[in-house]
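4 protein chains.
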Amino acid sequence: MPGARNGKRSPPRPEPAPSAEEPEKRRAILHAAVRVFAEKGYHGCRIADVAKQAGVAYGLVYHYFRNKDELLESVFAEQWTIFINAIRAIAEGPGSASEHLASICRFAVDVYKTSPSAVRVLLLEVARTPNVLRAGSTAQTFQTAVALVAGIVRRGQREGDLRGDADPTVAAASLLGALELTLTAAVVGLVEGAREEDAERLKAEVVGFALHGLSVRPRG
Amino acid sequence: MPGARNGKRSPPRPEPAPSAEEPEKRRAILHAAVRVFAEKGYHGCRIADVAKQAGVAYGLVYHYFRNKDELLESVFAEQWTIFINAIRAIAEGPGSASEHLASICRFAVDVYKTSPSAVRVLLLEVARTPNVLRAGSTAQTFQTAVALVAGIVRRGQREGDLRGDADPTVAAASLLGALELTLTAAVVGLVEGAREEDAERLKAEVVGFALHGLSVRPRG
Amino acid sequence: MPGARNGKRSPPRPEPAPSAEEPEKRRAILHAAVRVFAEKGYHGCRIADVAKQAGVAYGLVYHYFRNKDELLESVFAEQWTIFINAIRAIAEGPGSASEHLASICRFAVDVYKTSPSAVRVLLLEVARTPNVLRAGSTAQTFQTAVALVAGIVRRGQREGDLRGDADPTVAAASLLGALELTLTAAVVGLVEGAREEDAERLKAEVVGFALHGLSVRPRG
Amino acid sequence: MPGARNGKRSPPRPEPAPSAEEPEKRRAILHAAVRVFAEKGYHGCRIADVAKQAGVAYGLVYHYFRNKDELLESVFAEQWTIFINAIRAIAEGPGSASEHLASICRFAVDVYKTSPSAVRVLLLEVARTPNVLRAGSTAQTFQTAVALVAGIVRRGQREGDLRGDADPTVAAASLLGALELTLTAAVVGLVEGAREEDAERLKAEVVGFALHGLSVRPRG
DNA sequence: GATGAATGAGGCTTCATTCAT
DNA sequence: CATGAATGAAGCCTCATTCAT
Chain F
10 MPGARNGKRS PPRPEPAPSA EEPEKRRAIL HAAVRVFAEK GYHGCRIADV
60 AKQAGVAYGL VYHYFRNKDE LLESVFAEQW TIFINAIRAI AEGPGSASEH
110 LASICRFAVD VYKTSPSAVR VLLLEVARTP NVLRAGSTAQ TFQTAVALVA
160 GIVRRGQREG DLRGDADPTV AAASLLGALE LTLTAAVVGL VEGAREEDAE
210 RLKAEVVGFA LHGLSVRPRG
Chain W
10 MPGARNGKRS PPRPEPAPSA EEPEKRRAIL HAAVRVFAEK GYHGCRIADV
60 AKQAGVAYGL VYHYFRNKDE LLESVFAEQW TIFINAIRAI AEGPGSASEH
110 LASICRFAVD VYKTSPSAVR VLLLEVARTP NVLRAGSTAQ TFQTAVALVA
160 GIVRRGQREG DLRGDADPTV AAASLLGALE LTLTAAVVGL VEGAREEDAE
210 RLKAEVVGFA LHGLSVRPRG
Chain R
10 MPGARNGKRS PPRPEPAPSA EEPEKRRAIL HAAVRVFAEK GYHGCRIADV
60 AKQAGVAYGL VYHYFRNKDE LLESVFAEQW TIFINAIRAI AEGPGSASEH
110 LASICRFAVD VYKTSPSAVR VLLLEVARTP NVLRAGSTAQ TFQTAVALVA
160 GIVRRGQREG DLRGDADPTV AAASLLGALE LTLTAAVVGL VEGAREEDAE
210 RLKAEVVGFA LHGLSVRPRG
Chain D
10 MPGARNGKRS PPRPEPAPSA EEPEKRRAIL HAAVRVFAEK GYHGCRIADV
60 AKQAGVAYGL VYHYFRNKDE LLESVFAEQW TIFINAIRAI AEGPGSASEH
110 LASICRFAVD VYKTSPSAVR VLLLEVARTP NVLRAGSTAQ TFQTAVALVA
160 GIVRRGQREG DLRGDADPTV AAASLLGALE LTLTAAVVGL VEGAREEDAE
210 RLKAEVVGFA LHGLSVRPRG
């Protein structure tokens, strides 16, 4: 889950501080959960699988997490935190709003290239989980991401960089959605995206779509 | 799940022919499945819930469907069929590619307004389902939808209506993705979308995003 | 669990009406639960054991009872109902208060002779269960039993049959307690109580204790 | 768990000698076990709870006790030892058998007033424990208590103080049973017993019941 | 002695599926 | 067609016990 390295801008490593406190095995469990979760989805993800994948005993999962929901909530939170930190770092960095949006797209594709499972969790499982989860912190984190992107859009509109007649929130959702389904298509195999050059192409495509749309004619 | 009625174009009713054969209760079960499925997701959707929701006896579900997977596969198929038929009808109708894409967006938003649960199933459940399903006809149907939209894009490119440098498949995925997450945001409440005028605004926003992107500057 | 047949008075069969509604297997489960519960106590009583003992499938227990607590609560309720109905029948029958108390003692010993496990459940598990249960209907039923006996005592006091200076509630608790621990001693083997003549002796002993105490001297 | 201080006779402090050897934390664990055990019963009593209640580390419990059974067996033994020592001291002291029985009742009520949880353990948990325990020293200790009281009764019969036609063992069980359920009723709240004067009343009631029974008429 | 992380068997509960009526 | 009782495998969670530090 490295930062993007794409010749334009390289967002900082946005990993949550691996607090010296955090036990190694807790982290192992969390990582394992990401993989299993990504592969089987929320309900298909069995604690036994996670434990096995993490190489720890069944019971240890419950030493560190109250129950399955809390574990998966943690997975969500962590993944979103990484993504949100990246967005925030990008937003606070130099460059125009357009460039920021482009960087976000590139970052997402880069992360996908490195650890597709993380992206699957990040993008495919949101809002697809039982209400318990949706009611929790996950929903808020999701909204935070949208809000951050919307903030960038708003700034771009103020600075004359982006279309002023677009609703920032809808725009943010649209951009993230385009990103998501494109990556989904890659995950599913509809689109090539694994090789280095494919990834570069994907980035360009999504950025192009988000910034310029499909029409050849200027709006008006 | 009526066609859109939006002053521009009204796609035909794309419901699968309610073959005189189909028993009323089978249909009731299918409808109930859509609702429950949409509300609880694949694994959260219990046969008992569907039966209760449909107002039929437990065992009857197994009279009409071999098992849970087949039931949900049917739900998918039916929903996608409706959507695909609509896309196909639009694609075969008069108008430029741009107009077709716009119509597709409007149709989706209209359907969402009428039966959000159908949209949830349609859009949110695709990638979450166990592999059994993904390997089945569902995946193909999903790909069919993408392919149809990609076809429209391709035609638009030939006719000089749409940007020629865009990958049609990625473009199709992006458009559907933007559509999806915008509606998701509406479902989740991030964006207003329930009232008539909100729906109209959503349509315009998504269409604008898909056709013109966010940038004020023409690409070049 | 027949009525007593002891030459003095024969209380009516106080079984709860075997409502034509009640499924046979539900009853089988309940009976099995009594036995297993009595043998292993609340926590030692595994659902699997009950199911096996009842000769039904594991899951059927959950068809008829929401969960383990509800099952055991039902066991309690049923047992207490039987006992309370007997007490009530005795209390409403002819005879002095002293005779009623004696009948209650005899009834208890008789039931014990017939189905010791029922008595174990009835007497040994009360107030020894997790708070969930104690908070439930069980506690109230227990109090009902005490109250009924206290009522008999009160009447005896009015009619000059029983000591007027005794607190009816404490007296009722004492009587039931003497009954309980005597039967417990029988259950545990401290006291002979299985054979017919042993049972008769037990009855006489307890009745004697409850009515006349141990002292040779009249209280003064 | 002090001796009774009730104006009539004050049994000696029957605590087991706190051998200078016994580590302070071992004692803390034992005391904590009494409380937790009393509150939750055998199976509801988790080692973790005991450790927390005692304010010691999880593993330390296993440093002092081989396993859960041994811990609880120790609790039982200690509690019974206290009670049995008290009975023995009373039995060996001066006074008639009637007075001895009365003293035992008063002692029990006094202990209850001071530490209800100890009484709960003492009285309520005997017959509920898994067979392992019942087979162990606990059962014997319980029988010892009954035997001691029965011995007092026997002496009273020899000395013409108590009814000669009563079975000493049944009488002992009855007396202890009356005591138990009366205190249970107090624990459960059916009867007032917390205040000083309530306790005094309880004592008088139970003693009256045990010695004179409920009947106004002399037996015969 | 003292700590608490680590282990894993055991029990409760759910729910897809079958089947007799 | 329709019903719902019956089945049992599968997964979550607890908690006694061990062990390295």
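Quick mapping for you: the protein sequence lines, in order, are chains F, W, R and D.
Residues in the first sequence are numbered from 10 upward in steps of one, following the working numbering.
Residues in the second sequence are numbered from 10 upward in steps of one, following the working numbering.
Residues in the third sequence are numbered from 10 upward in steps of one, following the working numbering.
Residues in the fourth sequence are numbered from 10 upward in steps of one, following the working numbering.
A virtual CB, placed ideally from N, CA and C, is assigned to each residue, including glycine.
Judged by DSSP secondary structure, Gly186 (chain R) falls within the alpha helix (DSSP H) whose first and last residues are 177 to 197. Scanning chain F for C-beta atoms nearer than 8 Å to the C-beta of Leu80 (chain W) yields nothing, as the closest lies near 16 Å away.
Annotation for Tyr67 (chain R): the continuous alpha helix (DSSP H) segment containing it runs 67 to 73. With a cut-off of 8 Å on Cβ pairs, the stretch 179 to 197 of chain F is in contact with the stretch 179 to 192 of chain W, counting three or more such pairs. Contact of Gln152 (chain D) with chain R by beta-carbon distance below 7 Å involves Leu199.
Pairing Glu48 (chain F) with Arg210 (chain F), the inter-Cα distance amounts to about 26 Å. Secondary structure at Ser124 (chain F): coil, using DSSP grouped into helix, strand and coil.
Residue range 77 to 101 is occupied by the alpha helix (DSSP H) that includes Asp78 (chain R). Around the beta-carbon of Tyr67 (chain R), fewer than 16 other beta-carbon atoms lie within 10 Å, marking it exposed. Put simply, the CB of Ser112 (chain F) is far from chain W, with every gap to its CB atoms at 8 Å or more.
Between Val162 (chain R) and chain D, the shortest Cβ-Cβ separation is below 8 Å. Secondary structure note for Glu30 (chain F): it is in no alpha helix (DSSP H), with a DSSP letter that is neither H nor E. For Asp207 (chain D), the enclosing alpha helix (DSSP H) begins and ends at 205 to 221. Excluding five sequence positions before and after Gln166 (chain D), the CB atoms of its chain that fall closer than 6 Å to its own CB belong to Gly173, given in chain order. Beyond the five residues adjoining it in sequence on each side, Glu168 (chain D) comes within less than 8 Å, by CB distance, of Ser105, Ala106 in the same chain, given in chain order.
Under the 8 Å criterion on CB atoms, Ala180 (chain F) is classed as interfacial with respect to chain W. Interface residue (Cβ-Cβ distance to chain R less than 8 Å): Phe218 (chain D) is classified as such. Approximately 6 Å separates the beta-carbon atoms of Ala37 (chain D) and Val65 (chain D); this is inside 8 Å, confirming the contact. Classified as buried, Glu87 (chain F) has 16 or more neighbouring CB atoms from the shown chains inside 10 Å of its CB. For Thr191 (chain F), the chain W residues whose C-beta falls within less than 7 Å of its own C-beta are Val179, Ala182, Ser183, Gly186, listed in chain order. Contact of His52 (chain D) with chain R by beta-carbon distance below 8 Å involves Gly50, Tyr51, His52, Gly53. At a beta-carbon threshold of 9 Å, none of the residues of chain D lie near Leu157 (chain R); the nearest stands roughly 13 Å away. About 11 Å separates the beta carbons of Ile93 (chain W) and Ile113 (chain W), which is beyond the 8 Å limit, so they are not a contact pair. Beta bridge pairing from DSSP links Ser224 (chain D) with R:Leu171. Under a 10 Å Cβ-count criterion, Arg163 (chain D) is classified as buried, with 16 or more other Cβ atoms of the shown protein chains found around its own Cβ. DSSP, reduced to helix, strand and coil, places Val200 (chain F) outside both helices and strands of the structure shown, so it counts as coil. Here Val128 (chain F) is not near Ala208 (chain F), since their CB atoms are 8 Å or more apart. The DSSP-derived three-state label of Arg44 (chain F) is helix. Contacts between Ala175 (chain W) and chain F, judged by CB atoms closer than 8 Å, involve Glu214, Gly217, Phe218, Leu223 in chain order. Among the residues facing chain R, Ala127 (chain D) is not included, as its CB has no counterpart in that chain under 8 Å away. The contact set of Ser83 (chain D) on chain R, defined by CB atoms closer than 7 Å, is empty, because the minimum CB distance reaches about 20 Å.
Non-local C-beta neighbours of Pro177 (chain W) in its own chain, meaning closer than 6 Å and more than five positions away in sequence, comprise Ala159, Val162, Arg163, ordered along the chain.
Neighbours of Gly64 (chain F) in chain W, taken as residues at a C-beta separation under 7 Å, are lacking, since the least C-beta distance is about 24 Å.
By the C-beta density criterion, Glu214 (chain W) is buried, having at least 16 other C-beta atoms within 10 angstroms.
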